[in-house]
Each structure stands twice: as structure tokens, then as C-alpha cells.
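Undergrad: In the numbering used here, the protein residues as written are 25 to 401.
We put the CB at the ideal spot given by N, CA and C, even for glycine.
Quantities reported herein were computed from a predicted structural model and do not represent experimental measurements.
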Amino acid sequence: MVDASPAMIIEVEKGNETTLQQIRDLAVRCGNKLEVEDGPLFVTAWVIGDTRAFESRAGYLSGLPGVRHAWTVAADYKNIARVVRRQDGRAHIRERRPVEVRGLDGLVRRIGAGKHIFMCGPDSAQDLEQVLAIAKLARSVGERFGVLDRMILRGGAFKPRTRPTDWRGHGMNGITMLDAAREETGLPYVTEVMDHNLVPEIAAHADMLQIGTRNAQNFDLHEAVGRSHKPVILKRGFGNEAEEWFYAAEYIANQGNLDIVLCERGMKTLYTKGGYCRFHPDFNVITHVRKRTILPVIFDPSHPAGDHTIVGQNLIASLGYLVDGTITETLHEEGFRNQQLCDAAQALDMDKYAQLVEAVLRFEDSVGPALRAVSGE
Ligand code: PEP
Ligand code: MN
Numbered sequence: 025m026v027d028a029s030p031a032m033i034i035e036v037e038k039g040n041e042t043t044l045q046q047i048r049d050l051a052v053r054c055g056n057k058l059e060v061e062d063g064p065l066f067v068t069a070w071v072i073g074d075t076r077a078f079e080s081r082a083g084y085l086s087g088l089p090g091v092r093h094a095w096t097v098a099a100d101y102k103n104i105a106r107v108v109r110r111q112d113g114r115a116h117i118r119e120r121r122p123v124e125v126r127g128l129d130g131l132v133r134r135i136g137a138g139k140h141i142f143m144c145g146p147d148s149a150q151d152l153e154q155v156l157a158i159a160k161l162a163r164s165v166g167e168r169f170g171v172l173d174r175m176i177l178r179g180g181a182f183k184p185r186t187r188p189t190d191w192r193g194h195g196m197n198g199i200t201m202l203d204a205a206r207e208e209t210g211l212p213y214v215t216e217v218m219d220h221n222l223v224p225e226i227a228a229h230a231d232m233l234q235i236g237t238r239n240a241q242n243f244d245l246h247e248a249v250g251r252s253h254k255p256v257i258l259k260r261g262f263g264n265e266a267e268e269w270f271y272a273a274e275y276i277a278n279q280g281n282l283d284i285v286l287c288e289r290g291m292k293t294l295y296t297k298g299g300y301c302r303f304h305p306d307f308n309v310i311t312h313v314r315k316r317t318i319l320p321v322i323f324d325p326s327h328p329a330g331d332h333t334i335v336g337q338n339l340i341a342s343l344g345y346l347v348d349g350t351i352t353e354t355l356h357e358e359g360f361r362n363q364q365l366c367d368a369a370q371a372l373d374m375d376k377y378a379q380l381v382e383a384v385l386r387f388e389d390s391v392g393p394a395l396r397a398v399s400g401e
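(1) Tell me which residues share the same chain as W269 and place their Cβ nearer than 6 angstroms to its Cβ, disregarding the 5 neighbours each side in the sequence.
(2) Below 7 angstroms, is the gap between the Cβ of T352 and the nearest heavy atom of the ligand PEP?
(3) According to DSSP, simplified to helix, strand and coil, what is V217?
(4) CB E388 to CB H93, shorter than 8 angstroms?
(5) Rounded to whole angstroms, what's the CA-CA distance from A369 to K183? Just pull it up for me.
(6) Looking at C366 and the ligand MN, is the gap between the Cβ and the nearest heavy atom below 7 angstroms?
(7) Less than 8 angstroms separating the beta-carbons of V256 and D283?
(8) Using a Cβ-Cβ cutoff of less than 6 angstroms, which residues in the same chain neighbour W70 once the five nearest sequence positions on both sides are dropped?
(9) For F323, which of R316, K315, F307 and T317 has the nearest alpha-carbon?
(10) Is it true that the CB of I117 sits closer than 8 angstroms to the CB of G274?
(11) Starting from W95, follow the beta strand (DSSP E) in both directions and report where the run begins and ends.
(12) Taking three-plus beta-carbon pairs below 8 angstroms as touching, is the segment 106-117 in contact with the segment 160-173?
(13) Report the partner residues of T68 according to the DSSP bridge assignment.
(14) Is the CB-CB distance between G127 and V155 below 8 angstroms?
(15) Between which residues of its own chain and A227 is the CB-CB distance below 6 angstroms, once the five residues before and five after are set aside?
(16) Looking at A98: is its Cβ nearer than 8 angstroms to the Cβ of V107?
(17) Assuming the contact rule is C-beta atoms closer than 8 angstroms, M143 and T350 should be a hit. Round their C-beta distance to whole Å, please.
(18) Output yes or no for whether 8 angstroms exceeds the beta carbon distance between T354 and I158.
(19) Find out if the Cβ-Cβ distance for the pair V36, G90 is shorter than 8 angstroms.
(20) Under 6 angstroms Cβ to Cβ from R316, same chain only, skipping five residues before and after it: list those, please.
(21) What is the DSSP secondary structure of E357, counted as helix, strand or coil?
(22) What's the C-alpha gap between I199 and V398?
(23) Given L245, which residues of its chain have a CB within under 6 angstroms of its CB, disregarding the five upstream and five downstream residues?
(24) State buried or exposed for D367, treating a residue as buried only when at least 16 other CB atoms are found within 10 Å of its CB.
(25) Under 7 angstroms: does the beta carbon of H253 sit that close to some heavy atom of the ligand SAM?
(26) Whole angstroms are fine: how far does the CA of G263 sit from the CA of K297?
(27) Do C54 and A31 come within 8 angstroms of each other at the CB atom, strictly closer than that value?
(28) Can you give me the C-alpha to C-alpha distance between D27 and D373, rounded to a whole angstrom?
(29) Closest by CA to V67, which one among G39, Y345 and P393?
(30) Looking at H327 and the ligand MN, is the gap between the Cβ and the nearest heavy atom below 7 angstroms?
(31) Along the beta strand (DSSP E) that carries L286, what are the first and last residues, could you check?
(32) Mind checking R16: buried by the 16 CB within 10 Å criterion, or exposed?
(33) Taking buried to mean at least 16 other C-beta atoms within 10 Å of its own C-beta, is S390 buried or exposed?
(34) Heavy atom of the ligand MN less than 7 angstroms from the Cβ of D190, yes or no?
(35) Could you work out which residue in S86, M232 and I72 is closest to Q279 when comparing CA atoms only?
(36) Quick check on this structure: which residue in L286, T186 and N281 has the alpha carbon closest to the alpha carbon of E267?
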């Protein structure tokens, strides 16, 4: 099924800044954003969001100096699709688009720019000492391997739990702990949001938001995150088809926010009944995301594992699928495991995580180029 409201792309000869600005102004007036892709002879301006108002007023654009073409395009998920059809039936292939997250340290983490991004940290911010310890360890791993500009801290404050009687996180007090960790280390952090009413408040603190698997189709939440214009990790619902996941991302993009990172975190399948895996990792979908969307795709090796001895194997396996990064639940000291209130069994010790970081870097240098070549990328 093709989206009833197609998007627009406008090709403008290089150097025509005035025309580009006029297009941008119209986009802003219509509540849209303009994304510009650079080409050798012309730039392609892509109107992001719900473009119906823009299109109805865009007639004069083709008469502006330097405009080569203004195309209406169609795709199932028009804002995030990699391949869209123009009116003349030809395919237009977009570049994949990195998502940037800047730290207090001034370094910009570029997710989807060809280098593995390392996200790690506790399942949840449980106490200040724990959060600070783990953030400092993450920073020192980043420094030791020269990948500080690829490190992002994770930690939940608002926790979706299957059972209502389980610990559900410290809420805004957890956010305060994560703020302190950022202040101390300069690392940006990502944290989960569950309630669309709380998005503005949490977005005022966090560097990146996370929509968890249990809210993978909570569209009010998605739209609130879209409006926040914060970078976001959108986890795949553990029962969702890839297409449903892409449409969910489209809810965020339709609000003019394209800073979306998709995260595969395992599915409920027949295999999860046997008890040897918590969720079944769908590695093939990583390739599918790259082919179908312009969004970066990361993998969560922890939640499919449910057991810390499997986490490293999951993480390394995802490298074979040219994943843009991983988000791993880690532990600052073994003694904390039996105090941890959520996902303790799958928390990976930071020393072991450091070994994995080193292995990823070796993989990137040795196997990466050949893998990209045989995969046609
Ligand atoms: C988490 O990141 O701790 C989490 C709850 O993840 P998911 O939504 O994938 O279960
Ligand atoms: Mn968890």
C-alpha cells in the first residue's frame, strides 16, 4: 500500500542559496523541515513531515531560479524510505542518514556514519554511586581505545515492567543521577520515555530518548517524541513485523524529526519457549533496515540473552550484519549483581565489555572491508 500523502523532493542547482532559502521558508511555514542532500551538480531538498500543506502551496516553486525538478514521490513510509518512486515511475534512492548526538565533552557521536557506536550502561539508574561508577568506566574504556567519540551512556529511569509489583525505576530522580553522570564524564546519555505527557520534561534533560519494545506502537508517545526533536532509539516491538516497525518510525518522522535510530532487540518466537533464549534475535532484519530505510540500525545484545554469558556472542554476531552500533547493559562490579533490581542476570561486567570493544575494533579493521564488499555496500 502506498501512502496517500506523498512527499516532495526538489532538485536545485548548486549555489542557488536564495532559492533554497525560499523553499526552506515555505517548509517551515507549513510545519515541515528541509533535509538537503548534496550532489555533484545539484542539491536535493527533501521536505520532511506531513507535507500536504506544503504541496498545496508549492506550485510556484518550479518557476524559481535554479529549480531543476520538483517531484512528488510515493513510498510506503515516505519520510524514512530509502527508495521512493517519482511521478515518472523512476526510483530515487536516498543516502542513509547518520544521527548525531553531542556530548557535554563537545564530541559528536555519529550513528550510522560507518563506525560502530558503543552504547553501554546499567539497565536502570538505581543509585548515584552505581551510575557514576559505570559512567566513569565507560569513559575510560572510550579513552583507552580512542573511541570516546563513539561512546554513549544508557540507563533507564522510567521502567516498563511486565509485573506491576516489580520495581519501576526512580523516575525523575533517576534522570537526576544520569544528569550527574553526564556532568562528571561529559558522555551523552540515552534513557527511556513511556508517557507522552512526560516527553518535554525528560527531553529537557536527556541527550537521546528511547522508546522501548513495549511502547513500540504507542503512537501518541511517538508523536510527542517527534515534536521534541530529540534523537531517539526506536526499539522494535517483540511481536512486530519489520513493516510495522517502519511505520512506527514514520509517526516520529511525520512530526519533522528524522533523528531516529532503529534497534533490533529480539522477538518472541517458538524458540523463546525452550528457555535458552529470552528473545530471539532477528539478525537478518538489520540488513533489511539498511535496504529499506535511511535510518541507522543498532542491535541490543542484552535483552535477547537474558544471561550475561551470551551477551558477548550476540554482540559479535551482530557485527556480521554490518550493524551501526550496539546498546549493551553493563555492570560496574560483580558484587552489585544481586542488588540489581531489573535485568541483573544479563548485565555484562565492564571489564568484559572492554574486551568486546577491542574485538569490535579489530573486526572493523580486519573483516569489515571484505564484509562490506561481499555485501555490496
Ligand atoms: C531496556 O532497555 O532496559 C528495555 C526495557 O528494553 P526493551 O524495551 O527492549 O525491553
Ligand atoms: Mn533492561
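TA: Result, derived from the coordinates:
(1) Walking along the sequence shown from the start, residue 269 turns up at place 245. Correct list, in chain order: R260.
(2) On the sequence shown, residue 352 is found 328 positions in, with the first residue counted as 1. No, since every heavy atom of the ligand PEP falls outside the 7 angstroms radius drawn around the Cβ of T352.
(3) For the purposes of this step, residue 217 is taken as the residue at position 193 of the sequence shown. If DSSP states are grouped into helix, strand and coil, V217 belongs with coil.
(4) On the sequence shown, position 364 is the one that residue 388 refers to. On the sequence shown, position 69 is the one that residue 93 refers to. If you check the CB distance, E388 and H93 do not come in under 8 angstroms.
(5) Sequence index remark: in the sequence shown, residue 369 carries index 345 (1-based). Sequence index remark: in the sequence shown, residue 183 carries index 159 (1-based). Approximately 17 angstroms between the Cα atoms of the pair.
(6) Here residue 366 refers to the residue found at position 342 when the sequence shown is read from its first residue. C366: yes, Cβ under 7 angstroms from the ligand MN.
(7) Here residue 256 refers to the residue found at position 232 when the sequence shown is read from its first residue. Here residue 283 refers to the residue found at position 259 when the sequence shown is read from its first residue. Yes, Cβ-Cβ distance for V256 and D283 is below 8 angstroms.
(8) Residue mapping note: residue 70 aligns to position 46 of the sequence shown, counting from 1. By the criterion of a C-beta distance shorter than 6 angstroms, W70 is surrounded in its chain by I33 and E59, once the five residues flanking it on both sides are discounted.
(9) If you number the sequence shown from 1, residue 323 lands on position 299. The closest CA to that of F323, considering only R316, K315, F307 and T317, is found on F307.
(10) Taking the first residue of the sequence shown as position 1, residue 274 is located at position 250. Taking the first residue of the sequence shown as position 1, residue 117 is located at position 93. According to the sequence as given, residue 274 is Glu; it is not Gly. Taking 8 angstroms as the Cβ cut-off, E274 and I117 do not qualify as a contacting pair.
(11) For this step, residue 95 is matched to residue 71 along the sequence shown. W95 -> beta strand (DSSP E) spans V91 to A98.
(12) Under the 8 angstroms Cβ criterion, the segment 106-117 does not count as touching the segment 160-173, having fewer than three qualifying pairs.
(13) The residue labelled residue 68 in the question sits at position 44 within the sequence shown. Secondary-structure assignment with DSSP links T68 through a beta bridge to E35 and E61.
(14) By 1-based counting over the sequence shown, the position of residue 127 is 103. By 1-based counting over the sequence shown, the position of residue 155 is 131. Cβ distance not < 8 angstroms, so G127 and V155 don't count as in contact.
(15) Position 203 of the sequence shown holds residue 227. For A227, where only same-chain residues beyond five positions count, the Cβ hits under 6 angstroms are S252 and K254.
(16) By one-based count along the sequence shown, residue 98 stands at place 74. By one-based count along the sequence shown, residue 107 stands at place 83. The answer is no: Cβ separation not under 8 angstroms.
(17) By one-based count along the sequence shown, residue 143 stands at place 119. By one-based count along the sequence shown, residue 350 stands at place 326. Taking a contact as a CB-CB distance under 8 angstroms, the pair M143 and T350 counts as one, their CB atoms being some 7 angstroms apart.
(18) Taking the sequence shown and counting its residues from 1, the one referred to as residue 354 is at position 330. Taking the sequence shown and counting its residues from 1, the one referred to as residue 158 is at position 134. Yes. Within cutoff.
(19) Taking the sequence shown and counting its residues from 1, one reaches residue 36 at position 12. Taking the sequence shown and counting its residues from 1, one reaches residue 90 at position 66. Yes. Within cutoff.
(20) Here residue 316 refers to the residue found at position 292 of the sequence shown. Around R316: R106.
(21) Within the sequence shown, residue 357 is the residue found at index 333, counting from 1. DSSP places E357 in coil when its eight states are reduced to three.
(22) Counted from its first residue, the sequence shown places residue 199 at position 175. Counted from its first residue, the sequence shown places residue 398 at position 374. Approximately 43 angstroms, taken between the alpha carbons.
(23) As a position in the sequence shown, residue 245 is number 221, starting the count at 1. So the qualifying residues of the chain are H220 and N239.
(24) One-based indexing of the sequence shown puts residue 367 at position 343. Result: buried.
(25) The ligand SAM is absent from the structure shown, which contains only the ligand PEP and the ligand MN.
(26) The sequence position of residue 297 within the sequence shown is 273, counting from 1. The sequence position of residue 263 within the sequence shown is 239, counting from 1. When rounded, the distance between both Cα atoms is 14 angstroms.
(27) Indexing the sequence shown from 1 puts residue 31 at position 7. Indexing the sequence shown from 1 puts residue 54 at position 30. The answer is no: Cβ separation not under 8 angstroms.
(28) What you label residue 27 is simply residue 3 of the sequence shown in a count that begins at 1. What you label residue 373 is simply residue 349 of the sequence shown in a count that begins at 1. Confidence at D27 is low in this model, with a pLDDT of 46, below 50, so its placement is unreliable and the value that follows should be read with caution. One C-alpha to the other measures close to 46 angstroms.
(29) By 1-based counting over the sequence shown, the position of residue 67 is 43. Of the candidates G39, Y345 and P393, the one whose C-alpha sits nearest the C-alpha of V67 is G39.
(30) Position 303 of the sequence shown holds residue 327. Indeed, a heavy atom of the ligand MN lies less than 7 angstroms from the Cβ.
(31) As a position in the sequence shown, residue 286 is number 262, starting the count at 1. First-last of the beta strand (DSSP E) with L286: I284 to E288.
(32) Given a span of 25 to 401 for the chain in the structure shown, any question on residue 16 remains unanswerable.
(33) Counting from one through the sequence shown, the residue named residue 390 turns up at place 366. It is exposed - the Cβ of S390 has fewer than 16 other Cβ atoms within 10 Å.
(34) As a position in the sequence shown, residue 190 is number 166, starting the count at 1. No, the beta carbon of D190 sits no closer than 7 angstroms to any heavy atom of the ligand MN.
(35) The residue given as residue 279 occupies position 255 in the sequence shown. With distances taken between Cα atoms, Q279 lies closest to I72.
(36) Counted from its first residue, the sequence shown places residue 267 at position 243. The shortest C-alpha separation from E267 is found at L286.
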